[in-house]
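Enquirer: Below is a structure I'd like to ask you about.
There are 2 protein chains.
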Amino acid sequence: MLSKKTQYAFHALIHLAENVDKGPILISEIAKEKNISIKFLENILLELKNAGILGSKKGKGGGYYLMRAPKEIALARIIRLLDGPIALLPCVSLNYYERCENCKDEAVCGLHDVMSRVRDASLKILENKTLKDLVTKS
Amino acid sequence: MLSKKTQYAFHALIHLAENVDKGPILISEIAKEKNISIKFLENILLELKNAGILGSKKGKGGGYYLMRAPKEIALARIIRLLDGPIALLPCVSLNYYERCENCKDEAVCGLHDVMSRVRDASLKILENKTLKDLVTKS
DNA sequence: ATATAGTCTACCTTTTATGTAGGATTTGTG
DNA sequence: CACAAATCCTACATAAAAGGTAGACTATAT
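If you want it as structure tokens, here you go:
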């Protein structure tokens, strides 16, 4: 399961994508609209900003906005940023690989094979779907 | 990611499946073979037993053994038992569904759609692959 | 009897998740 | 310039989950 942090991030990003033409959006507006604790959301948006996904503007008329077009932001990137590996096992992760300590040889591990397939199936979707695909408002 | 608990369970089950003809297997043997803390493994095997996946025999010559043939035990079942939902979001889980608190209507939520697809892609593999597919020993 | 091996209950430690509090800083506007 | 509106940033709080340990109890084969 995705953490609450990542879930909230997705909802916030959807809101930003749906209002991409309205300039900076207030944290408080997103929090209210999506029913998220404002202070927790603050941390999340900051993290997205530090990763270069969002930009922000301080002071009156300020808020957060997307740094790129929604179609440029793959869902996998958000998950990896906030939740880490998408794979079910560390020994099968592309971006956060760790050697398996329980099997003697990963090359002949049946678990390794199956979990690689699950990873590939998930990534095929998460790498190709973007924020734009999450927006339903016309 | 799967929890350590589930990862250990898979490795233990693989060992049991590979030695299915040798009668009950000692916890200590599995722990040693797979490099798992014996006491932690004890808890895990007990949980698998209470779920009807394993049987056990006490006393000398005792140990744990599979209650069904390896090909009868789907990987999804193990994950659900020890880790809970396979889906990435609660609102998309088949077995542990919870309503989404951040969107007004799941039916028109783009996130819901994408995550359902990821779930289906994962389940297609995890429901059809069994313990037997994890065994590599001849 | 006795040693073996699982059963059960309770506890412990560390990390992660999920926030909360509040002051510092930047910026637009009158 | 003063002020209010926002984000920025650091630190803390709290609870749950993960991961593991300890030890007494019970059943069984020999």
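The listed protein sequences derive, respectively, from chains G and C.
Position 47 of the first sequence, counted from 1, bears residue number 47 in my numbering, the numbering being contiguous throughout.
So my numbering is basically just the index in the second sequence, starting at one, shifted up by 138.
Backbone N, C-alpha and C define an ideal beta-carbon position, used for all residues, glycine too.
Run through the stretch 59–102 of chain G for me and flag every whole alpha helix (DSSP H) of 4 or more residues, listed as ranges in chain order.
Expert: Segments of the alpha helix (DSSP H) lying fully in the stretch 59–102 of chain G: 75–83.
Enquirer: Do you know how far the Cα of Gly197(C) is from the Cα of Asn95(G)?
Expert: Mapped onto the first sequence, residue 95(G) falls at position 95. Mapped onto the second sequence, residue 197(C) falls at position 59. C-alpha separation (whole angstroms): 46 Å.
Enquirer: CB Leu54(G) to CB Leu41(G), shorter than 8 Å?
Expert: Sequence index remark: in the first sequence, residue 54(G) carries index 54 (1-based). Sequence index remark: in the first sequence, residue 41(G) carries index 41 (1-based). Going by C-beta atoms, Leu54(G) is not nearer than 8 Å to Leu41(G).
Enquirer: Could you name the residues of the same chain whose beta carbon sits closer than 7 Å to that of Ala51(G), not counting the 5 residues immediately before and after it, in chain order?
Expert: The residue you call residue 51(G) lines up with position 51 of the first sequence. Once the five neighbours on either side are set aside, the close Cβ partners of Ala51(G) are Leu81.
Enquirer: I'd like to confirm the pairing. Which residues does DSSP put opposite Ile163(C) in its beta bridges?
Expert: The residue you call residue 163(C) lines up with position 25 of the second sequence. DSSP lists Tyr202(C) as partners of Ile163(C).
Enquirer: Does the distance from the C-beta atom of Leu88(G) to that of Leu227(C) stay below 8 Å?
Expert: As a position in the first sequence, residue 88(G) is number 88, starting the count at 1. As a position in the second sequence, residue 227(C) is number 89, starting the count at 1. No; because the gap between Cβ atoms is not below 8 Å, this pair is not in contact.
Enquirer: Would you please state the rounded distance, in angstroms, between the beta carbons of Ala147(C) and Leu186(C)? I believe it to be under 8 Å.
Expert: Walking along the second sequence from the start, residue 147(C) turns up at place 9. Walking along the second sequence from the start, residue 186(C) turns up at place 48. Rounded, the Cβ-Cβ distance is 6 Å, consistent with contact.
Enquirer: Using only the alpha-carbon positions, how far apart do Asp133(G) and Arg99(G) sit?
Expert: Numbered from its first residue, the first sequence carries residue 133(G) at position 133. Numbered from its first residue, the first sequence carries residue 99(G) at position 99. In a straight line, the C-alpha of Asp133(G) is about 35 Å away from that of Arg99(G).
Enquirer: Are the C-beta atoms of Ala277(C) and some chain G residue less than 8 Å apart?
Expert: Only positions 139 to 276 of chain C appear in this structure, which leaves residue 277(C) out of reach.
Enquirer: Looking at C-beta atoms only, is the number of pairs between the stretch 262–271 of chain C and the stretch 116–136 of chain G that lie closer than 8 Å three or more?
Expert: Yes, since at least three Cβ pairs between the stretch 262–271 of chain C and the stretch 116–136 of chain G fall closer than 8 Å, the two stretches touch.
Enquirer: Check for me: the alpha helix (DSSP H) holding Lys132(G) runs from which residue to which?
Expert: For the purposes of this step, residue 132(G) is taken as the residue at position 132 of the first sequence. Lys132(G) -> alpha helix (DSSP H) spans Leu131 to Leu134.
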